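>
2 protein chains.
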Amino acid sequence: MLGLMQEWPLLGYKIIDYAAAQHGQREIVTRSVEGPIVRTNYANIRTRALKVAQALERDGFKLGDRIATLAWNSGHHMECWYGIMGIGAVYHTLNPRLFPEQIAWIMNHAEDKALFVDLTFLPIVEAIADKVPSLKKIIVLTDEAHLPKDTKLDLVAYETWLNSVDGDFAWKEFDENTACGMCYTSGTTGDPKGVVYSHRSNVLHAMIASFPDALNMSSNETIMPVVPMFHANAWGITFAAPLNGATVVNPGPRMDGEAIYELLDTEKVTFTAAVPTVWLMLLNYLEETGKQLPYLKRVVIGGSAAPRSMIEKFQDNYDVDVVHAWGMTEMSPLGTLGSIKPEYMGLSGSEKLDLQEKQGYAPFGVEMKITNDENEELPWDGKTFGRLKVRGPAIAKAYFGGAGAEQFDEDHYFDTGDVAHINKHGYMQITDRAKDVIKSGGEWISTIDIENLAVGHPDVAEAAVIGIVHPKWDERPLLVIVRKEGKQPAPQDILSFLEGKIAKWWMPDDVVFVDEIPHTATGKIQKTELRKQFADYTLPTAV
Amino acid sequence: MLGLMQEWPLLGYKIIDYAAAQHGQREIVTRSVEGPIVRTNYANIRTRALKVAQALERDGFKLGDRIATLAWNSGHHMECWYGIMGIGAVYHTLNPRLFPEQIAWIMNHAEDKALFVDLTFLPIVEAIADKVPSLKKIIVLTDEAHLPKDTKLDLVAYETWLNSVDGDFAWKEFDENTACGMCYTSGTTGDPKGVVYSHRSNVLHAMIASFPDALNMSSNETIMPVVPMFHANAWGITFAAPLNGATVVNPGPRMDGEAIYELLDTEKVTFTAAVPTVWLMLLNYLEETGKQLPYLKRVVIGGSAAPRSMIEKFQDNYDVDVVHAWGMTEMSPLGTLGSIKPEYMGLSGSEKLDLQEKQGYAPFGVEMKITNDENEELPWDGKTFGRLKVRGPAIAKAYFGGAGAEQFDEDHYFDTGDVAHINKHGYMQITDRAKDVIKSGGEWISTIDIENLAVGHPDVAEAAVIGIVHPKWDERPLLVIVRKEGKQPAPQDILSFLEGKIAKWWMPDDVVFVDEIPHTATGKIQKTELRKQFADYTLPTAV
Ligand SMILES: Nc1ncnc2c1ncn2[C@@H]1O[C@H](COP(=O)(O)O)[C@@H](O)[C@H]1O
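Residue numbers (the working numbering), protein chains in the order written: chain A, 55 to 597; chain B, 55 to 597.
(1) For A/D267, which residues in chain B fall below 7 Å Cβ to Cβ?
(2) Where does A/W380 sit, in a helix, a strand or coil, going by DSSP?
(3) Would B/L275 and B/T214 qualify as a contact pair, given that the criterion is a beta-carbon distance under 7 Å?
(4) Do you know whose CA, among B/D469, B/A450 and B/E411, lies nearest B/N429's CA?
(5) Looking at chain A, which residues of the segment 224-251 of chain B have a Cβ within less than 8 Å of any of its Cβ atoms?
(6) Determine, for A/Q76, whether the minimum Cβ-Cβ distance to residues of chain B falls below 7 Å.
(7) I'd like to confirm something about A/D472: is its beta-carbon nearer than 6 Å to some heavy atom of ligand 1, or not?
(8) Please classify B/W225: is it buried, with 16 or more other beta-carbons within 10 angstroms of its beta-carbon, or exposed?
(9) Counting only the same chain and skipping the five closest in sequence on each side, list residues whose C-beta sits under 7 Å from that of A/E165.
(10) Relative to the C-alpha of A/M194, which candidate in A/S494, A/L216 and A/D547 has its C-alpha closest?
(11) Under 7 Å, Cβ to Cβ, is there at least one residue of chain B near A/P396?
(12) Pairing CB atoms from the segment 394-402 of chain A with CB atoms from the segment 446-455 of chain A, are three or more of them under 8 Å?
(13) For B/K451, return the contacting residues in chain A, with the cut-off set at a CB-CB distance below 8 Å.
(14) Report yes if the C-beta distance between A/A327 and A/W380 is below 7 Å; otherwise report no.
(15) At 8 Å on the CB atoms, spell out the chain B contacts of A/M309, in chain order.
(16) Alpha carbons only, please: which of A/L337, A/G577, A/M335 and A/L532 is nearest the one belonging to A/E561?
(17) Strictly under 7 Å for the Cβ-Cβ distance: is B/P447 near chain A by that measure?
(18) For A/E111, tell me which candidate among A/V219, A/A122 and A/E180 has the shortest Cα-Cα distance.
(19) Run the proximity test for A/Q413: is its beta-carbon closer than 6 Å to any non-hydrogen atom belonging to ligand 1?
(20) Is A/S264 close to chain B? Criterion is C-beta to C-beta, closer than 7 Å.
(21) Taking all protein chains shown into account, do 16 or more other C-beta atoms lie within 10 angstroms of the C-beta of B/T592, making it buried, or fewer, making it exposed?
(22) Please confirm whether B/F418 has its beta-carbon closer than 7 Å to some beta-carbon of chain A.
(23) Roughly how far, in whole angstroms, is the beta-carbon of B/T320 from the beta-carbon of B/R80, given that I think they are within contact range, below 8 Å?
(24) Is the beta carbon of A/T485 closer than 7 Å to that of A/F551?
(25) Any heavy atom of ligand 1 inside 6 Å of the beta-carbon of A/A359?
(26) If you count every other CB in all the chains shown that lies within 10 Å of the CB of A/W559, and 16 or more means buried, which is it?
(27) Short check: CB of A/L64 to CB of A/R254, under 7 Å?
(28) Does the beta-carbon distance from A/A517 to A/I502 come in below 7 Å?
(29) Does any CB atom of chain A fall closer than 7 Å to the CB of B/G414?
(30) Grab the span of the alpha helix (DSSP H) containing B/L207 for me, first residue to last.
(31) Quick check: what's the CA-CA separation for A/G389 versus A/P417?
(32) According to DSSP, B/T123 sits in a beta bridge with which residue or residues?
(33) DSSP state of B/T582, grouped into three classes?
(34) Name, in chain order, the residues that DSSP records as bridge partners for A/N95.
(35) Can you tell me whether DSSP reads B/D513 as helix, strand or coil?
(36) Who are the Cβ neighbours of A/V597 in its own chain at under 6 Å, not counting the five residues just before and after it?
Structure representation (structure tokens):
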């Protein structure tokens with residue numbers, strides 16, 4: 055027996071329909087590539103997205119075509135997403151921080167047919183356009199006046215192209231499982247792998263992201279997604295904000311401390327989200343200038359572990375609540391969020407920080423388990439760590455083209471590649487990447503724990519821990535440090551600082567100082583690279 | 055091209071799985087039928103729901119079977135819902151306030167196979183059991199000690215029945231569009247009609263209900279659903295609370311002012327929901343006793359229009375925010391909620407009340423339009439009123455057995471039977487039921503507006519307006535009043551009170567006083583009955 059409820063497929067563009075109908079005048083503010091702050095609203099975004107859809111269809115693009123974007127967060131970029139999906143085509147965000155060859159590789163793998171690109175990124179396109187034979191059309195997200203003339207590329211200005219149709223168009227209808235968006239995760243090894251979001255997964259993810267204990271999206275929030283739309287589906291904000299009618303402030307191309315501060319202040323942003331690197335820049339800027347954050351209420355930090363000192367500064371010095379979050383491109387991307395359950399209400403000081411260093415707990419729609427190497431489930435005791443596996447309606451079941459099948463187990467859980475423990479109240483803490491964890495005498499050592507502690511030392515700018523082969527223990531930890539400018543701590547200073555904070559057998563066997571630690575395009579420490587650098591290193595304990 | 059995201063059907067029981075995993079210790083507190091306050095938690099509810107499922111299956115019940123409940127809000131009732139749906143059977147809530155013959159009619163129409171019943175309602179069951187031949191099993195929601203022995207019915211005590219299985223059971227899997235629950239709406243005319251919720255609609259509705267601008271469900275809330283589970287799917291709270299890990303406090307059989315107050319106070323309830331009648335009783339109790347509501351932050355009022363004075367009292371005297379909401383059994387039931395959009399932030403006093411008298415705006419997942427008799431869409435100008443039609447994933451497309459097909463138009467909108475206007479910011483206000491609206495000289499007069507104003511008169515306890523045939527204008531309004539005890543206002547006093555507050559041509563042509571106004575089983579004014587009473591009435595203006 056079936057229910058007797060309406061068929062109402064979960065199609066992504068219904069979100070912008072809703073926002074236009076119920077929150078039409080709510081603003082989308084963008085620091086534009088051309089310079090000025092530009093303002094639009096959800097009603098306009100929808101009107102223009104319909105034109106994007108109409109013009110794409112007129113130009114011969116259709117259901118299932120991958121349409122790339124290489125752009126900062128902006129109202130235009132948002133219009134493009136909704137317009138592309140409105141004909142059943144697939145928005146494919148490209149990460150401009152990758153090397154041009156990688157971008158070309160990804161575009162070819164996805165067989166992108168058209169590209170929306172910000173002026174800023176034209177040099178990349180110049181470098182790769184003739185290496186991507188599938189590419190039929192390049193639309194520059196600007197007006198005729200700003201369109202460069204001295205280029206060998208066949209370009210069209212977005213505004214001109216938009217105005218070549220009348221907007222009298224209706225969204226296409228199709229199954230809710232139709233592909234909607236695409237994002238490659240560049241991992242730290244191997245070829246990038248394409249995650250393909252469906253309309254259903256994007257809508258469900260946006261609904262989940264909205265929950266009070268998740269991102270807590272309300273029409274009364276002014277949200278600044280500093281996290282780029284090309285990074286992990288913009289953490290779902292491009293969908294969750296219009297779904298609740300929140301005001302959006304886009305930082306566009308400028309993500310330095312001053313620029314971020316300026317928008318937080320002038321636009322009275324109440325809520326913002328980004329990776330720790332961005333917040334480091336902002337906090338430095340605030341410390342240098344003595345400025346405050348009177349409007350900001352909440353900051354979501356994810357992408358890599360939020361250092362304890364960062365959480366502390368936001369809360370103690372600026373009265374801004376921190377929600378530590380964990381996710382992955384493969385998870386649309388939200389996995390866990392560090393909202394505080396009633397069991398922990400009333401914590402303060404270091405106890406609260408202990409909790410907030412954890413990556414939080416899963417909302418409805420994300421099932422988690424931790425397993426050992428035999429795929430047996432491990433207890434939620436807050437200390438036993440294992441491989442973190444997840445299941446849910448907005449979690450990948452495969453990569454585009456069939457890559458990475460080994461990451462999906464027989465219960466349809468996705469293996470995140472992260473290593474974590476979960477406590478009795480469901481709070482998860484990442485202790486490592488599975489491939490970075492150090493196996494010392496058959497036991498696992500969490501490199502992230504040690505790194506997080508090490509950066510707490512006043513002279514340390516950045517820290518990384520890698521395993522070095524050891525004749526007796528298989529592997530032992532080496533601590534690699536970038537010192538703060540002008541500081542000259544000795545190895546023993548760092549080790550003494552760690553003493554008592556970690557188990558004795560976790561103590562690094564050595565400390566080395568370097569000028570720089572290698573990073574990936576998404577700002578994460580590139581341990582593969584670091585391991586190569588130290589491939590021939592012999593630990594003092596190994597001789 | 056399809057997305058590559060996991061198949062994760064939206065099945066209702068995943069909500070209790072989630073609550074048990076992430077919020078297992080959170081309490082469900084119930085004033086039991088037997089008397090004492092009993093406490094359980096989500097982990098227990100799930101364990102016992104699995105036993106319900108296992109025992110039902112053992113007893114031969116299966117996918118699609120309708121299993122009735124005749125029970126107050128309680129942890130046990132919640133277990134039954136999840137257990138029933140866990141084998142793909144359909145929980146069917148019966149409204150004990152209906153006449154026994156109506157209940158029997160409904161059970162026969164639904165062909166209920168089993169019944170979970172509270173001790174309180176055994177007299178009803180005694181009266182009807184032999185009239186419902188489909189009924190195979192009656193389980194009384196109590197333990198062996200409380201099971202009555204002096205009955206001709208074949209009864210089993212819930213606790214005994216539950217303990218006859220070991221709980222080693224897994225939920226059944228099936229399509230998310232499978233029927234999950236059923237609720238008959240008893241309307242004011244014609245036979246009751248059965249609304250059939252699917253697993254998908256219940257899950258999506260719970261997600262929508264959770265949004266910050268909807269019910270704003272968080273694990274830090276303690277929710278008291280005074281609205282019964284047998285009334286319009288308990289406004290979705292039976293799903294939305296565990297989906298977010300909120301604490302639930304069930305008033306059980308006692309909904310008088312004192313009993314409600316007691317639980318609000320001892321359990322530190324932060325959020326509650328019910329129809330205006332319940333709040334009248336509570337406010338009276340508070341006024342008589344001088345008690346306060348220090349823990350309660352928010353009250354949702356729906357089911358019929360919240361009187362302005364009620365909203366005002368909650369906010370001004372008790373510092374409790376009011377969210378006025380509108381919905382229908384056919385909508386799972388939430389349609390609109392009166393959260394305040396940024397456009398209206400900062401309103402206070404009478405301007406704020408003007409806004410709050412409206413029933414609010416639709417969350418994502420509810421599309422609204424108003425139409426005239428030609429099904430043409432009317433503008434959102436806050437004054438033009440028309441028939442309110444709705445569309446969405448948790449809105450009925452038909453009634454059980456095919457009744458009421460005329461309520462579904464060609465665009466698949468459901469005709470709510472309500473008449474409303476919508477303002478430019480999307481706030482909807484019900485002005486009438488389509489069948490109650492008075493057509494005077496070709497124009498519509500809203501009876502609800504006049505009634506709401508009339509009850510503002512200090513001597514008026516209740517008011518109803520009906521149309522009386524008129525030789526010149528077709529119909530003209532008659533105002534029917536129940537006076538407050540000991541008060542003796544004259545008709546002219548009431549009319550003078552209305553003067554200036556409504557358009558001249560809306561002024562009732564007469565005022566009559568009665569001892570009682572007839573009500574439906576769900577507490578709404580029964581205008582069909584009233585119209586019958588006044589069928590021969592001649593207006594003074596008609597002679
Ligand atoms: N809050 C966090 N703490 C630690 N690692 C994180 C956090 N958020 C994300 N990650 C890491 O980033 C990976 C996902 O990368 P990406 O798909 O590029 O967003 C995860 O698998 C984690 O290893």
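From the three backbone atoms N, C-alpha and C, an ideal C-beta is built for every residue, glycine too.
Because the structure is a prediction, the values reported are computed rather than measured.
If we stick to the structure as given:
(1) S272, S273 and N298
(2) strand
(3) A quick correction: the sequence has Glu, not Leu, at residue 275 of chain B. Their beta carbons are not under 7 Å apart, which means B/E275 does not touch B/T214 by this criterion.
(4) B/D469
(5) D229, N231, T232, A233, C234, V249, V250 and Y251
(6) yes
(7) yes
(8) buried
(9) R120 and S188
(10) Just to set this straight, residue 194 of chain A is Val in the shown sequence, not Met. If we check each option's Cα against that of A/V194, A/L216 comes out closest.
(11) yes
(12) no
(13) L58, M59, Q60 and E61
(14) no
(15) The contacting residues do not exist; A/M309 stays about 26 Å from chain B at best.
(16) A small fix is needed here, since residue 561 of chain A is Met in this sequence, not Glu. Among A/L337, A/G577, A/M335 and A/L532, the Cα nearest to that of A/M561 belongs to A/L532.
(17) yes
(18) A/V219
(19) yes
(20) yes
(21) exposed
(22) yes
(23) The Cβ separation is near 17 Å, so there is no contact.
(24) no
(25) yes
(26) exposed
(27) yes
(28) no
(29) no
(30) Here B/L207 belongs to no alpha helix (DSSP H), and DSSP marks it neither H nor E.
(31) 8 Å
(32) B/T147 and B/F170
(33) helix
(34) A/E81
(35) coil
(36) none
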